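For reference, the structure is listed below as structure tokens.
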Amino acid sequence: EPEVTQTPSHQVTQMGQEVILRCVPISNHLYFYWYRQILGQKVEFLVSFYNNEISEKSEIFDDQFSVERPDGSNFTLKIRSTKLEDSAMYFCASMAGGNQPQHFGDGTRLSIL
Amino acid sequence: KQEVTQIPAALSVPEGENLVLNCSFTDSAIYNLQWFRQDPGKGLTSLLLIQSSQREQTSGRLNASLDKSSGRSTLYIAASQPGDSATYLCAVTNYGGSQGNLIFGKGTKLSVKP
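Quick note, the sequences are listed as chains A and B, same order.
Start counting the first sequence at 1; every next residue gets the next number (my numbering).
Start counting the second sequence at 1001; every next residue gets the next number (my numbering).
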């Protein structure tokens, strides 16, 4: 069964450094998402992406965050200058079309030191 | 602002028992509701999606119901097995322009004892 893949599984970075989290969504899906889950808290929406542009973003997704779909298969989340509070599990998800289930990857655990 | 609540936060049952997990949401104007399973350190596995016009969905031993007007959904698990042990998450998509952005509850951690 097709699945969403995320790399790396774990990223450790010094505060202030840039990180790029990578995702390969399911190939025929049209909608792409990033969510995050701080340890012990709810999964929170960050950003949605459709037709090569951001369709919606949350208050969390400030100027330090950006997303790209550089080559029609990868979908990346960049954090320009990481803070301690960015430490979380980051999940990528994709969806085939409206009113379809979202499929999630296994996540990248981001640890900021 | 949509809020999703799941009760109980944790549940422990003996193997073979039937059980119900509860989810409530504050704004009934939803597009759909999705139930997920999350194993420790892993991603979310989609279990069932109920569209706003539907009352229930079934997959194997799982049955999810939706009462949109009262802002409630339940996930029924029949004949529970130790392999069902996981955290179960409920999430809704608000109606109108949100492109499917999911709003999650905090989950119910289920433990099924052999």
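Quick reminder that beta carbons are idealized off the backbone N, C-alpha and C, glycines included.
From a predicted model like this one, the values you see are computed outputs, not experimental measurements.
> Should A:Y50 and A:L77 be called a contact, given that it needs their Cβ atoms to be closer than 9 angstroms?
Replying inline: Residue mapping note: residue 50 of chain A aligns to position 50 of the first sequence, counting from 1. Residue mapping note: residue 77 of chain A aligns to position 77 of the first sequence, counting from 1. No, the pair does not count as a contact, with Cβ atoms beyond the cut-off.
>> Using C-beta distances below 6 angstroms, list every residue in its chain close to A:R80, excluding the 5 sequence neighbours before and after it, in chain order.
In response: Here the question's residue 80 of chain A lines up with position 80 in the first sequence. Close CB contacts of A:R80 within its chain, under the 6 angstroms cut and outside five residues either way in sequence, are with E18, Q64 (chain order).
>> Quick test of your reading: B:Q1034 and B:L1102, contact by CB under 8 angstroms. State the CB separation rounded to the nearest angstrom.
In response: Within the second sequence, numbered from 1, the residue matching residue 1034 of chain B stands at position 34. Within the second sequence, numbered from 1, the residue matching residue 1102 of chain B stands at position 102. That pair is a contact at about 7 angstroms.
>> Counting only beta-carbon separations shorter than 9 angstroms, does A:F104 have a partner in chain B?
In response: Residue 104 of chain A sits at position 104 when you count from the first residue of the first sequence. A:F104 counts as touching chain B.
> Along the segment 1086-1106 of chain B, what residues have a CB closer than 9 angstroms to any CB found in chain A?
Replying inline: Within the segment 1086-1106 of chain B, the qualifying residues are L1089, A1091, T1093, G1097, S1098, Q1099, G1100, N1101, L1102, I1103, F1104, G1105, K1106.
> Which chain B residues are close to A:E59, counting only those with a beta carbon under 7 angstroms from its beta carbon?
Replying inline: Within the first sequence, the letter at position 59 stands for residue 59 of chain A. Chain B residues near A:E59: none, gap ~11 angstroms exceeds 7 angstroms.
>> On the CB-based measure, 16 or more other CB atoms within 10 Å of its CB, does B:V1020 come out buried or exposed?
In response: Working through the second sequence from its first residue, we reach residue 1020 of chain B at position 20. Exposed is the call here.
> How many angstroms separate the CA atom of B:L1049 from the CA atom of B:P1114?
Replying inline: As a position in the second sequence, residue 1049 of chain B is number 49, starting the count at 1. As a position in the second sequence, residue 1114 of chain B is number 114, starting the count at 1. The alpha-carbon atoms of B:L1049 and B:P1114 are separated by roughly 29 angstroms.
>> Based on DSSP bridge pairs, tell me the residues matched to A:V47.
In response: Taking the first sequence and counting its residues from 1, one reaches residue 47 of chain A at position 47. Paired residues: A:W34, A:K57.
> Cα-Cα, which of A:I112, A:S66, A:Q100 is closest to A:A88?
Replying inline: If you number the first sequence from 1, residue 88 of chain A lands on position 88. Cα-wise, what sits closest to A:A88 is A:I112.
>> Let's see if you can read the secondary structure: which residues bound the beta strand (DSSP E) around A:M15?
In response: Here residue 15 of chain A is taken as the residue at index 15 of the first sequence, counted from 1. Per DSSP, A:M15 is not a residue of any beta strand (DSSP E), being assigned neither H nor E.
> Between B:Y1095 and B:R1072, what straight-line distance do the alpha-carbon atoms span, to the nearest angstrom?
Replying inline: As a position in the second sequence, residue 1095 of chain B is number 95, starting the count at 1. As a position in the second sequence, residue 1072 of chain B is number 72, starting the count at 1. The straight-line gap from Cα to Cα measures roughly 16 angstroms.
> Exposed or buried, what is B:I1030 when buried is set at 16 or more other beta-carbons lying within 10 Å of its beta-carbon?
Replying inline: Translated into positions along the second sequence, residue 1030 of chain B becomes position 30. By the neighbour-count criterion, in which a residue is buried when 16 or more other Cβ atoms sit within 10 angstroms of its Cβ, B:I1030 is buried.
> Are three or more beta carbon pairs between the segment 46-62 of chain A and the segment 1046-1066 of chain B nearer than 8 angstroms?
Replying inline: Contact between the segment 46-62 of chain A and the segment 1046-1066 of chain B is absent, because fewer than three Cβ pairs lie under 8 angstroms.
>> Alpha carbons only, please: which of B:A1078, B:G1105, B:G1107 is nearest the one belonging to B:E1017?
In response: If you number the second sequence from 1, residue 1017 of chain B lands on position 17. Considering only alpha carbons, the answer is B:A1078.
>> Can you list, in chain order, the residues of its chain with a C-beta nearer than 6 angstroms to that of B:A1009? Leave out the 5 residues immediately preceding and following it.
In response: What you label residue 1009 of chain B is simply residue 9 of the second sequence in a count that begins at 1. Hits under 6 angstroms: none found.
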